[in-house]
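*Asks:* Next up is a structure, given as structure tokens.
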Amino acid sequence: MPIDPVCGMNVHETQPENESFYKGIKYYFCSAFCREEFDRDPGAYMYTGPDESEADYHGESIDSED
Ligand SMILES: [Zn+2]
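Numbered per the working numbering, the sequence shown spans residues 1022 to 1087.
Now the structure itself:
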């Protein structure tokens, strides 16, 4: 199942309008919004490991002050 590189969601239903090519690789997005974000700056969404500056809104920051 493809993963939306912008928001990290699994893309259950791929739609042609929500696909984009970058450097010969096809990427899938959950919505036109994410695709537009990607198209604006594709290099920012390449898989280079966890990107803490971008991943915060996805709840991936570990906050263990329990
Ligand atoms: Zn998305």
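Cβ atoms here follow ideal geometry from the backbone N, Cα and C, with glycine treated the same way. Fair warning: this is a prediction, and the values are worked out from it, not measured in the lab.
My parser needs the beta strand (DSSP E) runs of 3 or more residues fully inside the segment 1029-1062; what are they?
*Replies:* For secondary structure counted as the beta strand (DSSP E) over 3 or more consecutive residues, the segment 1029-1062 holds these complete runs in sequence order: 1040-1043, 1046-1049.
*Asks:* Assuming TYR1048 contacts THR1035 under a Cβ cut-off of 8 Å, what Cβ separation, rounded to an integer in Å, is found between them?
*Replies:* Not a contact, Cβ separation roughly 10 Å.
*Asks:* Using 10 angstroms around the beta-carbon of ARG1061, count the other beta-carbons present and answer buried if the total reaches 16, otherwise exposed.
*Replies:* Classification for ARG1061: exposed.
*Asks:* CB-CB under 7 Å to ASP1025, same chain, minus the five flanking residues each way: which ones, in chain order?
*Replies:* VAL1032, TYR1049, PHE1050, CYS1051, CYS1055
*Asks:* Quick one, are the C-beta atoms of ALA1053 and GLU1040 less than 8 Å apart?
*Replies:* no
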